[in-house]
Ligand SMILES: NC(=O)c1ccc[n+]([C@@H]2O[C@H](COP(=O)([O-])OP(=O)(O)OC[C@H]3O[C@@H](n4cnc5c(N)ncnc54)[C@H](O)[C@@H]3O)[C@@H](O)[C@H]2O)c1
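In my numbering, the protein residues as written are 9 to 426.
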């Protein structure tokens, strides 16, 4: 019933899943408890996530808790085929994901996991939830709750809740401090630069890297690019974020100015049509564009195709070269899809450990509390967020101070001043 590329890839996938597990000690502790307590016994979960080694560890944790899980890819290009095989062949988790699948197959796979009549949806970008509400509303009666992994998904779900369209409560895992402060920032930062380097093998030192969007992901990408010796230029639409970028030492300017000087452009805004034709027309010969935001709408691919009248070729794996009428060449990485997953392996396991511990614990919380919840987006309960931080520190062997009784009293009083 699964749909994967090749079942024979399972042994390689297994080794890579184990390698990731080596840095996922928080999730391992959750898994150990789930194994004993079986808090998800019989719960049907439809998951739509990037099919990576870290996701495999999450799927196996949910299964250890007693859940019946089906997994589909949350992006046509982010699937690691060996992982999909290991999950299906060895873990009993039917997976519907093939790297490079076309749009029709992508949606066929979302529908396949919805056939499970899920009680919980676990989504990354809200495509699964949208299909469920728009085309598979017949399945809604079984659903008690869900979780959402990323900024873009949370924005869509809040819009749905605002319109009164959301049919069940969803926990925004992205909003946990132990998620976005680490995953979006250090995870996206490192893996995006990894993808740019793997796919191009260009030297970053001395280059001008233009980062569009200085949110959690943009902070990470900018700091990693700077650390590699790049001159970083930030473009923003939010005045406070722009100020922060300036005081962090980056140059800030409109994209129409940055377009002339950038060597490498990276979008991480969660917005649409950020790099447009008018910007591409100004770019230098050899400019490289990559997107690390959730959807492939940040770089106007249609405009790039129109401009590429001199021909298009795949010059390296994950690098498409568009030649303009005047001979200039512009390069697009990973077909404009989130580059850290399309052209590299996504976030390192150490940050996904925290994101996915939040996922697993939020599902448990949803199973326990769904009857008392409204049809809206909930934050991860702060006690779960803090517990994840505590467990991560313990796993890293780091101790911290605790408040003395006097300090505790002081911090909770209002009558002690100068
Ligand atoms: N690649 C990954 O693995 C990964 C991981 C986490 C999040 N994401 C995705 O990355 C995107 C950004 O996430 P985030 O958590 O940083 O969001 P965020 O809300 O913290 O930051 C987005 C920033 O982009 C700015 N922005 C919006 N439109 C812009 C425009 N036209 N030009 C310049 N700046 C603009 C906003 O003002 C904001 O400061 C989302 O789509 C999110 O889902 C990707």
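C-beta: ideal position from N, C-alpha, C; glycine also.
Predicted, not measured: the structure shown is a model, and the values here were computed from it.
Q) Should residue 121 and residue 155 be called a contact, given that it needs their Cβ atoms to be closer than 8 Å? A) no
Q: Write down every uninterrupted run of the alpha helix (DSSP H) in the segment 31-78 whose length is 4 residues or greater and which is fully enclosed by it, in chain order.
A: 33-45 and 61-72
**Q.** Residue of 29, 296, 79 and 325 minimising C-alpha distance to residue 212
**A.** Closest by alpha carbon: 296.
(Q) Just to confirm, is the Cβ distance from residue 151 to residue 368 under 8 Å? (A) No, Cβ-Cβ distance for residue 151 and residue 368 is not below 8 Å.
Q: Run the proximity test for residue 298: is its beta-carbon closer than 7 Å to any non-hydrogen atom belonging to ligand 1?
A: No - ligand 1 has no heavy atom lying nearer than 7 Å to the Cβ of residue 298.
Q: Give the single residue among 61, 260 and 131 whose Cα lies nearest to the Cα of residue 371.
A: Just measuring C-alpha positions, the residue of 61, 260 and 131 sitting nearest residue 371 is 131.
Q: Please name the residue in 365, 394 and 127 whose C-alpha comes closest to that of residue 63.
A: By alpha-carbon distance to residue 63, the top candidate from 365, 394 and 127 is 365.
Q. Skipping 5 residues on each side, what residues in its chain have a beta carbon closer than 6 Å to that of residue 92?
A. 12, 59, 103 and 105
Q) Taking the alpha carbon of residue 288 as the point to measure from, which residue in 340, 326 and 256 has its own alpha carbon closest? A) 340
**Q.** Residues of its chain near residue 185, where Cβ-Cβ distance is below 7 Å and the 5 sequence neighbours each way are ignored
**A.** 393
Q. If you draw a straight line from the alpha carbon of residue 16 to that of residue 98, how long is it in whole angstroms?
A. 11 Å
Q. In angstroms, rounded to a whole number, what distance separates the CA positions of residue 334 and residue 286?
A. 15 Å
Q) In three-state DSSP terms, what is residue 381? A) coil
Q) When the distance is taken between beta carbons, is residue 275 closer than 8 Å to residue 220? A) yes
Q: Give the range of the beta strand (DSSP E) segment to which residue 297 is assigned.
A: 296-299
(Q) Taking 8 Å as the threshold (C-beta atoms), are residue 75 and residue 95 in contact? (A) no
Q.
Considering only their Cβ atoms, is the gap separating residue 281 from residue 308 smaller than 8 Å?
A. Cβ distance < 8 Å, so residue 308 and residue 281 count as in contact.
Q.
In whole angstroms, give me the CA-to-CA distance for residue 218 and residue 54.
A. 37 Å
Q. Taking the continuous beta strand (DSSP E) assigned at residue 156, which residues delimit it?
A. 153-156
Q) Which residue comes first and which comes last in the beta strand (DSSP E) that contains residue 418? A) Looking at the DSSP string, residue 418 is not in any beta strand (DSSP E); the run it does join, the alpha helix (DSSP H), is 413-419.
Q. Can you find a heavy atom of ligand 1 that lies under 7 Å from the Cβ of residue 258?
A. no
(Q) Is residue 224 near ligand 1 - that is, is its Cβ less than 7 Å away from at least one heavy atom of it? (A) yes
Q.
Is any non-hydrogen atom of ligand 1 found closer than 7 Å to the C-beta of residue 277, if you look at the structure I gave you?
A. yes
(Q) Alpha carbons only, please: which of 178, 279 and 136 is nearest the one belonging to residue 246? (A) 279
Q) Is residue 180 helix, strand or coil by DSSP? A) If DSSP states are grouped into helix, strand and coil, residue 180 belongs with the strands.
Q. Is it the case that the CB of residue 244 approaches a heavy atom of ligand 1 more closely than 7 Å?
A. yes
Q. Going straight from the alpha carbon of residue 432 to that of residue 137, what length do you get?
A. As displayed, the chain neither begins before 9 nor continues past 426, which places residue 432 out of reach and without an answer.
Q: Compare the Cα-Cα distances from residue 379 to each of 356, 153, 316 and 146 and report the closest residue.
A: 153
Q) So, helix, strand or coil for residue 390, using DSSP? A) helix
Q | Local Cβ density within 10 Å of residue 248, reported as buried at 16 or more and exposed below that | A | exposed
Q) To the nearest angstrom, how far is it from the Cα of residue 419 to the Cα of residue 411? A) One C-alpha to the other measures close to 9 Å.
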